[in-house]
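Everything on this sheet refers to the single structure shown next.
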Amino acid sequence: MSSTPVELIKEKLDIVEFLKGYLQLQPAGKNFKARCPFHKEKTPSFMVSPDRQSWHCFGCALGGDAFSFIMRYENVEFGEALRVLAEKAGVELKRVNPSEYKMTGSLYDINAHARDFYRTQLAATEVARKYLEERGLLPETVEAFEIGWAPLGPEALTLHLINVGRYSPDEIIQAGLAMRTERGLVIDRFRGRIMFPIHNHFGKVAGFTGRVLPRPESSVGTDMASSSGAEIAKYVNTPETPVFQKSKLLYGFWRAKNAIREVKSVFIVEGQMDCIMSAQAGIPNVVASSGTAFTGDHLKTLRRVADEIVFSFDNDDAGLAAGERAIDLAQAEDFHVKVAMLKGVKDPAEFAVADPEGLKSAVVNATPAPLFYFEKYLGGISDIASPEQDFAQAGFSTREGLSRLRSVLGKIRAITSPVLRDFWFKELSRRTALGEAVLREEADRSGGDAVLSKETSSVTAEVAVVRRTRSDLLSEKILSYSVACADFSLAETCSAYFSPLYRRAFELLREGKKSSDDPEMDGVFNTVFLREDVLSDEDARMVKAEIIKEYSRKRKDELVKAVRFSEAKGDEKATEAALNELREISRNAEEV
0 MSSTPVELIK EKLDIVEFLK GYLQLQPAGK NFKARCPFHK EKTPSFMVSP DRQSWHCFGC
60 ALGGDAFSFI MRYENVEFGE ALRVLAEKAG VELKRVNPSE YKMTGSLYDI NAHARDFYRT
120 QLAATEVARK YLEERGLLPE TVEAFEIGWA PLGPEALTLH LINVGRYSPD EIIQAGLAMR
180 TERGLVIDRF RGRIMFPIHN HFGKVAGFTG RVLPRPESSV GTDMASSSGA EIAKYVNTPE
240 TPVFQKSKLL YGFWRAKNAI REVKSVFIVE GQMDCIMSAQ AGIPNVVASS GTAFTGDHLK
300 TLRRVADEIV FSFDNDDAGL AAGERAIDLA QAEDFHVKVA MLKGVKDPAE FAVADPEGLK
360 SAVVNATPAP LFYFEKYLGG ISDIASPEQD FAQAGFSTRE GLSRLRSVLG KIRAITSPVL
420 RDFWFKELSR RTALGEAVLR EEADRSGGDA VLSKETSSVT AEVAVVRRTR SDLLSEKILS
480 YSVACADFSL AETCSAYFSP LYRRAFELLR EGKKSSDDPE MDGVFNTVFL REDVLSDEDA
540 RMVKAEIIKE YSRKRKDELV KAVRFSEAKG DEKATEAALN ELREISRNAE EV
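For what it's worth, numbering that gives the first Met the number 0 labels the leading residue of the sequence shown as 0, then goes sequentially.
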């Protein structure tokens, strides 16, 4: 009888069937293999063991169980992985705050019912469908992004959820879909709006953004705010709920994550329509922030699937300011950052309608962030200086010119990579005809004008991977051979030359152990049991010889140093002992 929910989930959930939802698994003896989703490879090196209910990639050395896979693949914390796997395994999390678990599941269910209701309403509302058509959306795009329509009736959705879904008014309010007036009435939050569902990273609807229709031709866009004469908000979002936190969700990520992982690059835009239209134009790796500024949590989501970020901003002061802050956040976390320059248009959605191929080209040929800053701050100065021009002619003698130069220097100083920092200092020197040493001194003295927000959170560190020596790799092959043929006699003859970790692994495996509570030891077991290229008898004997030679080489180096040390101290006894061991090792090596 399992004592914890984790153990119960592992018993009920078959890792092979679970991973088939993510990977194309192929039989490989008693195991399965696939191309690793965590690094690019052409030959499958990702192995899955039904016996151990574990996986290991021999290309990038990552491994673990279903929990570690989903945490890394979906970039979620353990608590969220536990909820997802519990649901798949049909395990009720009684030991993990059952009331909270039930409540979050209920909120997702309510949002799913609301999404279906809004989609049905869109199909019956011509003016809303016409608006989407005028914006350039194809029917299949509307379907793919599950876009809907919130009718004008003050209680349309609430009554539907009460009557059809059997949800209480309080549950609907808690989901952010309704609100209570001062008179105690429960009314819909979204009315007369195009509805964009916002999904979490697993594809569950966590919240919504509602966009009012343009006026004044039609009164369809009116809602509660208009009746009081107040200005109508163009966009309304679900408020913060237990399942909807705008600072952590990226719109479209659930659809784009595989494409992002494939090319290691993500195209980030500001709004839902920008994201949808870019995807329709043929850019599958596009996402948008969900009605909020770009945050460190967003970077944490992207860190494990992308190395490069391409930003696009609205061409207004607010958009450019938000874009600059996002660039600084991303560069501080060591992303390779670029900017897609969309000249002559307001935003990516407009560009996607006018020139889909042009938008794709702008993303592919995006400008590196430092060049974007060169243009922004030194537009009238950059690329005009020459060695013949003096400091004043270049424009940096004025207070304004020096301030702009310092802004750029601050951006370069904030680049994490020393190699890239050096490159961009050299490039700035070339473009301004100012000495590189002078620029570096100015950057150090001024401290740079780019001050990053405290919101710049460090991206979660990768799980530590045990660094294996060549001797460890050879020992692993011998142990894998021994397990495959159920004979540890050969391993026993060379186990004295293993490292302490692999010597202990040999002892446990010989006792019939297949797992260990020690994560480091269990990682060794993973590689031993999942190795596909099991040695032949002849190769195993050759590997044994290599293990002894590898040990001998390493021990010889140690003894040579010991001889020098003892001779320097005048310790004849220690010197003689080290020399005798050296002679013994040399004889053994010759025999091997």
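All C-beta atoms, glycine included, are put in the ideal place defined by N, C-alpha and C.
For Glu133 and Glu154, the rounded distance between their alpha carbons: Working through the sequence shown from its first residue, we reach residue 154 at position 155. Working through the sequence shown from its first residue, we reach residue 133 at position 134. Each residue's Cα considered, the two are about 29 Å apart.
Contact check, Ala174 vs Asp273, beta carbons under 7 Å: Working through the sequence shown from its first residue, we reach residue 174 at position 175. Working through the sequence shown from its first residue, we reach residue 273 at position 274. It is not a contact, given that the beta carbons lie outside the stated cut-off.
Around the C-beta of Val527, are 16 or more other C-beta atoms found within 10 angstroms, so that it is buried, or is it exposed? For the purposes of this step, residue 527 is taken as residue 528 along the sequence shown, with counting starting at 1. The residue in question, Val527, is buried, as its Cβ has 16 or more Cβ neighbours within 10 Å.
First and last residue of the uninterrupted alpha helix (DSSP H) at Phe528: Numbered from its first residue, the sequence shown carries residue 528 at position 529. From DSSP, the alpha helix (DSSP H) with Phe528 extends over Pro518 to Leu529.
Quick check: does the Cβ of Glu356 come within less than 6 Å of any heavy atom belonging to the ligand MN? The ligand MN is not among the ligands present in this structure, which contains no ligands whatsoever.
Which one of Met178, Leu151 and Asp108 has the shortest CA to CA distance from Gln120? One-based indexing of the sequence shown puts residue 120 at position 121. Looking at the Cα atoms, Leu151 is the closest of the given residues.
Per DSSP, cross-strand counterpart(s) of Phe45: Taking the first residue of the sequence shown as position 1, residue 45 is located at position 46. DSSP, once it has assigned bridges, lists Ala33 and Cys56 as partnering Phe45.
Taking C-alpha atoms, which residue in Thr124, Ala351 and Val533 lies nearest to Ala27? Taking the first residue of the sequence shown as 1, we reach residue 27 at position 28. Selected option, being the one with the closest Cα: Val533.
Option in Cys484, Ser479, Val523 and Ala485 with minimal Cα separation from Pro499: Taking the first residue of the sequence shown as 1, we reach residue 499 at position 500. Ranking the options by Cα distance to Pro499, first place goes to Val523.
Alpha-carbon to alpha-carbon, Val542 and His335: Walking along the sequence shown from the start, residue 335 turns up at place 336. Walking along the sequence shown from the start, residue 542 turns up at place 543. So the alpha carbons of these two residues sit roughly 42 Å apart.
Spatial neighbours of Val304 within its chain, please: CB distance less than 8 Å, with the 5 preceding and 5 following residues excluded, ordered by chain position. Translated into the one-based positions of the sequence shown, residue 304 becomes position 305. If the five residues before and after Val304 are omitted, its C-beta is found closer than 8 Å to the C-beta atoms of Asn74, Lys256, Ile259, Arg260, Lys263 and Val265, all from its own chain and listed in chain order.
Take the Cβ of Ala361 as the centre, count every other Cβ of all protein chains shown within 10 Å, and call the residue buried at 16 or more, exposed below. On the sequence shown, residue 361 is found 362 positions in, with the first residue counted as 1. With 16 or more other Cβ atoms from the protein chains shown falling within 10 Å of its own Cβ, Ala361 counts as buried.
On the three-state DSSP scale, how would you describe Asp187? Working through the sequence shown from its first residue, we reach residue 187 at position 188. Strand, per DSSP.
Please report the distance separating the alpha-carbon of Ser226 from that of Lys233. Locating residue 226 in the sequence shown gives position 227, counting from the first residue. Locating residue 233 in the sequence shown gives position 234, counting from the first residue. Model confidence at Ser226 stands at a pLDDT of 42, short of 50, so the residue's coordinates are unreliable and nothing is read from them.
At which residue ranges does the segment 388 to 439 contain complete alpha helix (DSSP H) runs of 4 or more residues, listed in the order of the chain? The segment 388 to 439 contains these whole alpha helix (DSSP H) runs: 390 to 393, 398 to 412 and 417 to 431.
The alpha helix (DSSP H) spanning Val304 covers which residue range? Sequence index remark: in the sequence shown, residue 304 carries index 305 (1-based). Taken as a continuous stretch (DSSP letters only), Val304 belongs to no alpha helix (DSSP H), as it is neither H nor E.
Output the distance between the C-alpha atoms of Leu319 and Arg430, rounded to the nearest integer angstrom. To locate residue 319, count along the sequence shown from 1; it is residue 320. To locate residue 430, count along the sequence shown from 1; it is residue 431. Looking at the two C-alpha atoms, the distance is approximately 23 Å.
Answer yes or no: do Val338 and Phe310 have a C-beta to C-beta separation smaller than 7 Å? As a working note, residue 338 is residue 339 in the sequence shown. As a working note, residue 310 is residue 311 in the sequence shown. Inclusion of Val338 and Phe310 in the CB contact set at 7 Å is warranted, their separation being smaller than that value.
Three or more C-beta pairs below 8 Å linking the segment 472 to 484 and the segment 534 to 554: Flag = yes, the segment 472 to 484 and the segment 534 to 554 touch.
Since Ile193 sits in a beta bridge, which residues does DSSP pair it with? Indexing the sequence shown from 1 puts residue 193 at position 194. Among the bridge pairs identified by DSSP, Ile193 is matched with Trp148 and Arg210.
Between which two residues does the alpha helix (DSSP H) holding Ser479 run? Indexing the sequence shown from 1 puts residue 479 at position 480. Here the alpha helix (DSSP H) through Ser479 covers Arg469 to Cys484.
First and last residue of the uninterrupted alpha helix (DSSP H) at Arg503: Taking the first residue of the sequence shown as position 1, residue 503 is located at position 504. Start and end: Pro499 to Arg509.
Relative to the alpha-carbon of Arg34, which residue among Gln279, Ile8, His55 and Arg51 has its alpha-carbon at the smallest distance? Working through the sequence shown from its first residue, we reach residue 34 at position 35. That would be His55, whose Cα lies nearest to the Cα of Arg34.
Would you mind sorting Glu269 into buried or exposed? The rule is 16 or more other CB atoms within 10 Å of its CB. By 1-based counting over the sequence shown, the position of residue 269 is 270. It counts as buried.
Within 10 Å of its beta-carbon, does Pro43 have 16 or more other beta-carbons around it, so buried, or fewer, so exposed? The sequence position of residue 43 within the sequence shown is 44, counting from 1. By the neighbour-count criterion, in which 16 or more other beta carbons inside 10 Å mark a residue as buried, Pro43 falls on the buried side.
In the DSSP assignment, what residue or residues form a beta bridge with Gln25? Residue numbering aside, residue 25 sits at position 26 when the sequence shown is read from its first letter. DSSP lists Lys32 as partners of Gln25.
Could you give the distance in angstroms between the alpha-carbon of Arg405 and the alpha-carbon of Pro367? One-based indexing of the sequence shown puts residue 405 at position 406. One-based indexing of the sequence shown puts residue 367 at position 368. Between Arg405 and Pro367, the C-alpha separation is close to 19 Å.
How far does the alpha helix (DSSP H) with Val362 in it extend, from its first residue to its last? Here residue 362 refers to the residue found at position 363 when the sequence shown is read from its first residue. Element bounds for Val362: Pro355 to Val363.
Could you spell out where the alpha helix (DSSP H) holding His159 opens and where it closes? The residue labelled residue 159 in the question sits at position 160 within the sequence shown. First-last of the alpha helix (DSSP H) with His159: Ala155 to Asn162.
For Ile193 versus Gly206, is the C-beta distance shorter than 7 Å? Here residue 193 refers to the residue found at position 194 when the sequence shown is read from its first residue. Here residue 206 refers to the residue found at position 207 when the sequence shown is read from its first residue. No; because the gap between Cβ atoms is not below 7 Å, this pair is not in contact.
By the three-class DSSP mapping on this structure, what secondary structure does Leu534 have? Within the sequence shown, residue 534 is the residue found at index 535, counting from 1. In this structure, Leu534 counts as coil in the three-state DSSP scheme.
Output needed for Glu454: all residues of its chain with C-beta closer than 8 Å, excluding positions within five of it in sequence on either side, in chain order. Indexing the sequence shown from 1 puts residue 454 at position 455. With a pLDDT of 37 at Glu454, under the threshold of 50, the modelled position of this residue cannot be trusted; read the value that follows with caution. Excluding residues within five positions, the ones whose Cβ falls inside 8 Å are Thr294, Gly295 and Leu328.
Roughly how many angstroms lie between the CA atoms of Glu139 and Ile146, to the nearest whole one? In the sequence shown, the residue the question calls residue 139 occupies position 140. In the sequence shown, the residue the question calls residue 146 occupies position 147. Cα to Cα, Glu139 sits roughly 11 Å from Ile146.
Alpha-carbon to alpha-carbon, Phe68 and Lys32: Stepping through the sequence shown from its first residue, residue 32 is reached at position 33. Stepping through the sequence shown from its first residue, residue 68 is reached at position 69. One Cα belongs to Lys32, the other to Phe68, and the distance between them is close to 15 Å.
What is the DSSP secondary structure of Met603, counted as helix, strand or coil? Coverage of the chain is limited to positions 0 through 591, which leaves residue 603 absent and any answer about it impossible.
Since Ala278 and Pro355 are thought to touch, with beta carbons under 8 Å apart, how far apart are those beta carbons, to the nearest angstrom? The residue given as residue 278 occupies position 279 in the sequence shown. The residue given as residue 355 occupies position 356 in the sequence shown. Going by Cβ atoms, the distance from Ala278 to Pro355 rounds to 11 Å, so no, they are not a contact pair.
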